[in-house]
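These notes concern the structure reproduced below.
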Amino acid sequence: MKRAFCFKMIARCVAVCLLINAANAFAPESVFSSGTRSVTLSSDHIVSAHGGAQVLASVRTAEFEFVRITPTRGPDSFEHKVVVSTSGSMFRRYAVGAEGSDRRIEVFDGNAAFSGSPESSGGQQWQPMDENRLRAVKFIIVTCNLLHFLQQLVNRTAEVLFQEATQGGLYRFDVRTGNWNGALYTDRTGLIKQIEIGERVFQFAAYRQVEGVRLPLVVRVFYKRVVFEMFFVRISLNPDFPPFRFSPVLGDDE
């Protein structure tokens, strides 16, 4: 119960503090109308708005900790603490429910992927992750925050197909990357406000500067009339990881 209270307090405090000035950012209808004004924004403009190519290219490792709120039937919802660690193509994703249940760890060392659910006794059973699940987890990690996509813009592995202004005052880019194709919306300064990938709509707000990189601390995902929310409580860029971080072993905090 103590842990559940802690998770809820974190989520609520972050929501109140960060969304009080960003409530209008979550208005899907404001970016769906078409416009006729041409704009000259570019991927370089977007990169510059989020910290610049040099700063983004200098990020080699990252760790994100956030509270994910998943709706359920009725007024209740599931809350999880999620910690994502990345280094190049390697990743580790740890999620735990508000009462310490439903724990899951997923790791990829660049060659092989494993998943496991720590038992209350401290035991651990690791299973190879199949290709479908690995692809799904990679997509989750790439879209849970904008860092990976921004680095794709820097590396020119993301292509802007065309751009236009909307009547809602945002700027639309059709984007193609090695991972997904979709639409991207920015404000006049170049900050990314929304990304659409298939049936999923990702909205970003409450930007803060983290070691020179501007990243959102609030992410909402709209999918089939369901809204998932993520409130970031910690972002670390270029942290030093222990050698086993991306191996199927249990960490001290897990």
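In numbering that gives the first Met the number 0, the protein residues as written are 0 to 253.
Even glycine gets a Cβ: it sits at the ideal position worked out from N, Cα and C.
Neighbourhood of residue i by C-beta distance below 6 Å, restricted to the same chain and skipping five residues each side
{"i": "Gly96", "result": "His79"}
{"i": "Phe221", "result": "Val200"}
{"i": "Arg207", "result": "Leu216"}
{"i": "Asn154", "result": "none"}
Endpoints, alpha helix (DSSP H) assigned at residue i
{"i": "Thr142", "result": "Glu130 to Thr142"}
{"i": "Gln53", "result": "Ala52 to Ala56"}
{"i": "Asp173", "result": "Where Asp173 is concerned, there is no enclosing alpha helix (DSSP H), although the beta strand (DSSP E) it sits in stretches over Tyr170 to Arg175."}
Cβ-Cβ separation, residue j to residue i (assumed contact under 8 Å), whole Å
{"i": "Val286", "j": "Phe230", "result": "The chain is shown from 0 up to 253; residue 286 falls before or after that span and cannot be answered."}
{"i": "Glu210", "j": "Leu236", "result": "5 Å"}
{"i": "Phe63", "j": "Phe90", "result": "With a Cβ gap of about 11 Å, Phe63 and Phe90 do not count as contacting."}
{"i": "Arg103", "j": "Ser114", "result": "7 Å"}
{"i": "Arg224", "j": "Ser84", "result": "Contact doesn't hold; Cβ gap of about 32 Å is too wide."}
Residue i in three-state terms, based on DSSP
{"i": "Ala204", "result": "strand"}
{"i": "Ala48", "result": "helix"}
{"i": "Gln150", "result": "helix"}
{"i": "Gln84", "result": "Note on identity: in this sequence residue 84 is Ser, with Gln being the wrong assignment. DSSP places Ser84 in strand when its eight states are reduced to three."}
{"i": "Ser42", "result": "helix"}
{"i": "Arg187", "result": "coil"}
{"i": "Val220", "result": "strand"}
{"i": "Ala112", "result": "strand"}
{"i": "Arg199", "result": "strand"}
{"i": "His157", "result": "For the record, residue 157 in the displayed sequence is Ala; it is not His. If DSSP states are grouped into helix, strand and coil, Ala157 belongs with coil."}
Proximity test, residue i beta-carbon vs the ligand COA heavy atom, cut-off 7 Å
{"i": "Val106", "result": "Of ligands this structure carries none, so the ligand COA is not represented either."}
Residues near residue i in its chain [Cβ-Cβ closer than 8 Å; skip 5 each side]
{"i": "Thr69", "result": "Ser76, Phe77, Glu78, His79 and Phe227"}
Limits of the beta strand (DSSP E) - the one that residue i falls within
{"i": "Leu236", "result": "Val225 to Leu236"}
{"i": "Arg92", "result": "Met89 to Gly96"}
{"i": "Val66", "result": "Thr60 to Pro70"}
{"i": "Phe107", "result": "Arg103 to Phe107"}
{"i": "Gln126", "result": "Trp125 to Pro127"}
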